[in-house]
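Colleague: In our numbering, the protein residues as written are 126 to 263. Ideal Cβ placement from N, Cα and C applies to all residues, glycine included.
#1: Would you mind stating whether residue 182 and residue 215 have Cβ atoms separated by less than 7 angstroms?
#2: To the nearest angstrom, how far is the alpha carbon of residue 112 from that of residue 145?
#3: Where does the unbroken alpha helix (DSSP H) through residue 237 begin, and where does it stop?
#4: Could you pull the start and end residues of the alpha helix (DSSP H) that residue 233 belongs to?
#5: Whole alpha helix (DSSP H) runs in the region 146-207 with 4 or more residues, listed along the chain?
#6: Is it buried or exposed for residue 189, if we count other Cβ within 10 angstroms and need 16 for buried?
#7: Buried or exposed: where does residue 163 fall if 16 or more other Cβ atoms within 10 Å of its Cβ makes it buried?
#8: Put residue 137 into one of helix, strand or coil per three-state DSSP.
#9: On the criterion of 16 or more Cβ atoms from any shown chain inside 10 Å, does residue 219 qualify as buried, or is it exposed?
#10: Suppose the cutoff is 7 angstroms on Cβ atoms and the five residues either side in sequence are ignored; what does the same chain contact list for residue 170 look like?
#11: Assuming residue 148 contacts residue 184 (C-beta within less than 8 angstroms), just tell me the rounded distance between them.
#12: Using 8 angstroms for Cβ pairs, my map puts residue 155 next to residue 140. What's the rounded Cβ distance?
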């Protein structure tokens, strides 16, 4: 089967990958907000932010499916397709883990004892910078 030269060039799949990475970053910031609301015992705000995270994760899954389903065969890419899809999968796992962490946190009573709350807040803050770097990696 012959492919014409013009069929090898399409819109860059990295546009949607960047869009997905931005959603991951936004989700991480919402995670920080939700965790702080949980520490502070603000149940309604925590649930509201958790719902926002779930909606954003669902939108990001749509972007991921779009990346997977609309990448033409034979397209020339600066990276190996297998590695590209593996990166998309790993990036999406971050969203899944954020959503799951909030899910499990929702089972705990609101508020965290002070001796643990400070450390938990620092742990949440330590997670954010590496997630923000994902957007730069694209």
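Modeller: Answer, in terms of the structure:
#1: no
#2: Here the chain comprises residues numbered 126 to 263, so residue 112 is not present and cannot be evaluated.
#3: Per DSSP, residue 237 belongs to no alpha helix (DSSP H) and is neither H nor E.
#4: From DSSP, residue 233 is part of no alpha helix (DSSP H); its letter is neither H nor E.
#5: 168-194
#6: Result: buried.
#7: buried
#8: coil
#9: buried
#10: Apart from the 5 residues on each side of it in sequence, residue 170 sits with its Cβ closer than 7 angstroms to the Cβ of 162 in its chain, given in chain order.
#11: 7 angstroms
#12: Contact flag wrong, Cβ pair sits at about 23 angstroms.
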